[in-house]
Amino acid sequence: MSHTRAGIILGLVLAFATIFGGWAGLLWAVLFGTLGGVVGAHLDGTLDLRSLLRGRE
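Be aware that the sequence shown starts at 318, since it is given in my numbering, and climbs by one per residue.
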């Protein structure tokens, strides 16, 4: 399993605790899923967060 897929699953699992909040729970699930996917893609090497956070030099 790739880090991206594991990150998305982990983000959704963490967000599952907030699902009981109705629409807010759905938004939290999307937020955590996206965050987990971004971190997983960075660990896979398909996304370079350091270049995004470094900015223009």
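Beta carbons: idealized from backbone N, C-alpha and C, even for Gly.
If you're wondering where the values come from, they're calculated on a predicted model, not measured in any experiment.
Q: Please work out which residues of its chain come closer than 7 Å, Cβ to Cβ, to isoleucine 336, disregarding the five sequence neighbours upstream and downstream, and give them in chain order.
A: Residue numbering aside, residue 336 sits at position 19 when the sequence shown is read from its first letter. Cβ neighbours of isoleucine 336 beyond the five flanking positions: Gly342 and Ala346.
(Q) As a quick exercise: from Met318, Leu369 and Ile326, pick the residue whose alpha carbon is nearest that of leucine 352. (A) Taking the first residue of the sequence shown as position 1, residue 352 is located at position 35. Among Met318, Leu369 and Ile326, the Cα nearest to that of leucine 352 belongs to Ile326.
Q: May I have the straight-line CA-CA distance separating leucine 331 from phenylalanine 349, to the nearest angstrom?
A: For the purposes of this step, residue 331 is taken as the residue at position 14 of the sequence shown. For the purposes of this step, residue 349 is taken as the residue at position 32 of the sequence shown. Whole-angstrom Cα-Cα distance: 7 Å.
Q. Between the beta-carbon of glycine 362 and the beta-carbon of glycine 324, is there less than 8 Å?
A. Residue 362 sits at position 45 when you count from the first residue of the sequence shown. Residue 324 sits at position 7 when you count from the first residue of the sequence shown. No.
**Q.** Terminal residues of the alpha helix (DSSP H) in which aspartate 262 lies
**A.** Shown here, the chain extends from 318 to 374; a query on residue 262 therefore has no answer.
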